[in-house]
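One point on numbering: in numbering that gives the first Met the number 0, the residue at position 192 of the sequence shown is 191, and numbering is uninterrupted.
The beta-carbon is built from N, C-alpha and C at its ideal position, and this holds for glycine as well.
Bear in mind the structure is a predicted one, so any value in this text is a computation, not a measurement.
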Amino acid sequence: MEEKNKIRVLIVDDSAFMRTAIERMLKEDPEIEIIGSAANGKEAIEKNLRLKPDVVTLDVEMPIMDGLHALKEIMKLRPVPVIMVSSMTKEGAKVTLDALELGALDFIGKPGSTLSLNILDIRNDLIRKVRVAAHSEPRAEKIKLGKITSKPTLLSNEQGTFIDWIVLIGASTGGPPAILNVLTGLPGNLPAPIVIAQHMPRSFTNAFAQRLNSLCNLRVKEASDGEVIQRSLVYICPGDTQTRIKRRDDNRLILSVSPGKAANEKFAPSVDVLFLSAAEILSPKIIGVILTGMGEDGVKGLKNIKLLGGLTLAQDKSTSVVYGMPRAALEDGAVTRTLPIQDISQEIELALR
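If you want it as structure tokens, here you go:
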């Protein structure tokens with residue numbers, strides 16, 4: 000899309016009220032133009048081909064054809080950046096994760112019962128995500144998963160909790176499929192824990208952990224406050240909280256999970272908060288990884304890890320949905336090595352040998 004052109008958006012929702020609400024929000028940005036709307040998935044497929052939008056906002060539950068079926072066809076016939084409009088429920092989280100695996104770029108929460116207040120809350124988020132989507136590449140291919148072997152038996156508390164190395168991963172837009180790609184390339188007996196900060200609301204992170212656990216050889220769970228960190232386990236930082244790594248008096252590492260975020264913290268979970276906390280107590284035995292995402296979250300923490308002797312990896316431009324966080328880290332001198340997403344798991348394994 001050329002800079003001089005407006006961002007052309009197609010709105011898909013079976014609710015006329017919601018279509019109007021989304022249109023009003025997006026029209027507040029002079030660089031966004033609404034070129035059409037559709038009330039179901041079948042209409043969305045036809046209008047995507049005919050109107051050729053730069054971005055599509057797509058509802059999940061619709062008559063005639065739902066959002067997931069429409070998304071599959073859109074990605075097959077004319078791939079375009081798609082932002083899912085999802086209910087912030089447990090079931091909504093599962094469907095949204097399905098959509099992200101099928102190629103959707105991002106999602107926004109659908110306003111709930113107090114409509115006027117909720118719509119105002121999501122307006123800025125929606126505009127920001129549409130602007131990012133317009134300058135990203137649609138990801139039409141589905142992730143190819145390897146065969147999942149049986150998960151190893153966890154070590155006893157005494158054996159598994161003395162940590163030599165830790166792997167930290169940070170991601171934002173486009174992160175869930177990228178994280179899945181990395182984790183499915185790792186063995187179940189990885190001799191280190193992994194802690195992941197993915198920008199995602201609280202109602203989604205547990206479902207995300209469960210999804211990853213069902214698809215990976217490693218055990219994956221949502222992080223809990225005060226939990227002792229164990230090797231061969233993957234911890235997903237809960238949404239709307241900050242997760243830090245701390246060391247107990249007995250030298251074991253624990254997770255500290257606190258609600259909300261400070262005034263100077265833009266994201267919860269924050270990649271920087273996680274990375275910086277670990278760098279204080281673990282460097283140089285840290286592998287820090289920055290994946291696809293917008294902005295600069297994680298750059299300070301990654302640079303700290305590198306300066307203290309840790310290994311820092313960044314996803315390359317060609318495989319990033321949004322090359323923001325990796326680019327910022329690279330430009331700041333925080334990256335040891337830049338790699339395509341499919342090579343990152345192998346690099347982690349090699350470093351841990």
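Pick out whichever of the options has its Cα sitting closest to the Cα of residue i.
i: V272; options: G108, I244 and E348; result: I244
i: K71; options: S86, N47, D249 and D53; result: N47
i: V84; options: R77, L96 and K75; result: L96
i: P190; options: S171, K284 and T337; result: K284
i: P200; options: A92, Q345, G323 and I340; result: A92
i: I280; options: L185, E264, N263 and L252; result: L252
i: I82; options: V320, E330, K220 and L104; result: L104
i: P237; options: I33, S171 and I195; result: I195
i: W164; options: A327, Q345, I193 and V256; result: I193
i: G297; options: E330, S317 and V320; result: E330
i: M74; options: S171, I289 and V55; result: V55
i: D249; options: F161, I31 and I340; result: F161
i: L312; options: G287, I121, E136 and M324; result: G287
i: E264; options: M17, D239 and R49; result: D239
Here's the rule I'm using: 16 or more other beta-carbon atoms within 10 Å means buried, otherwise exposed. How should residue i be labelled?
i: A261; result: exposed
i: G432; result: As shown, the chain starts at 0 and ends at 352. That puts residue 432 outside it, with no answer to give.
i: F207; result: buried
i: K51; result: exposed
i: A177; result: buried
i: R336; result: exposed
i: L125; result: buried
i: A15; result: exposed
i: I343; result: buried
i: N188; result: exposed
i: K302; result: buried
i: I10; result: buried
i: N123; result: exposed
i: V316; result: It is worth fixing the name first, because residue 316 is Lys in this sequence and not Val. Result: exposed.
i: T19; result: exposed
i: Q241; result: buried
i: G300; result: buried
i: S257; result: exposed
i: V321; result: buried
i: N4; result: exposed
i: L57; result: buried
i: I107; result: buried
i: L99; result: buried
i: E90; result: exposed
i: L167; result: buried
From which residue to which residue does the beta strand (DSSP E) around residue i run?
i: R336; result: R336 to L338
i: V54; result: V54 to D58
i: A361; result: Any property of residue 361 remains undetermined from this structure, which presents the chain solely from 0 to 352.
i: M83; result: V81 to S85
i: A170; result: I165 to A170
i: A357; result: Outside the shown range of the chain (0 to 352) lies residue 357, about which nothing can therefore be said.
i: A196; result: I193 to Q197
i: F106; result: D105 to G108
Which residues mark the beginning and the end of the alpha helix (DSSP H) in which residue i is found?
i: I73; result: G66 to L76
i: G174; result: G174 to T183
i: S354; result: Because the chain in this structure spans residues 0 to 352, residue 354 falls outside the shown range and cannot be described.
Taking only beta-carbon atoms, is residue i less than 8 Å away from chain C?
i: S171; result: Here there is only one protein chain, and chain C is not present.
Rounded to whole angstroms, how far is the Cβ of residue i from the Cβ of residue j, which I believe are closer than 8 Å?
i: L254; j: S223; result: 7 Å
i: L338; j: Q314; result: 7 Å
i: P186; j: N212; result: Actually they do not touch by this definition, with Cβ atoms about 15 Å apart.
i: T204; j: E221; result: 6 Å
i: S319; j: G173; result: 7 Å
i: L290; j: V233; result: In fact, because the Cβ distance is near 14 Å, the residues do not count as touching under 8 Å.
i: R49; j: E32; result: Actually they do not touch by this definition, with Cβ atoms about 16 Å apart.
Enumerated in chain order, which unbroken segments of the alpha helix (DSSP H) with a length of 4 residues or greater are wholly contained in the segment 216 to 300?
-> 270 to 281
Any beta strand (DSSP E) of 3 or more consecutive residues that is wholly inside the segment 4 to 58 | 6 to 11, 31 to 37 and 54 to 58
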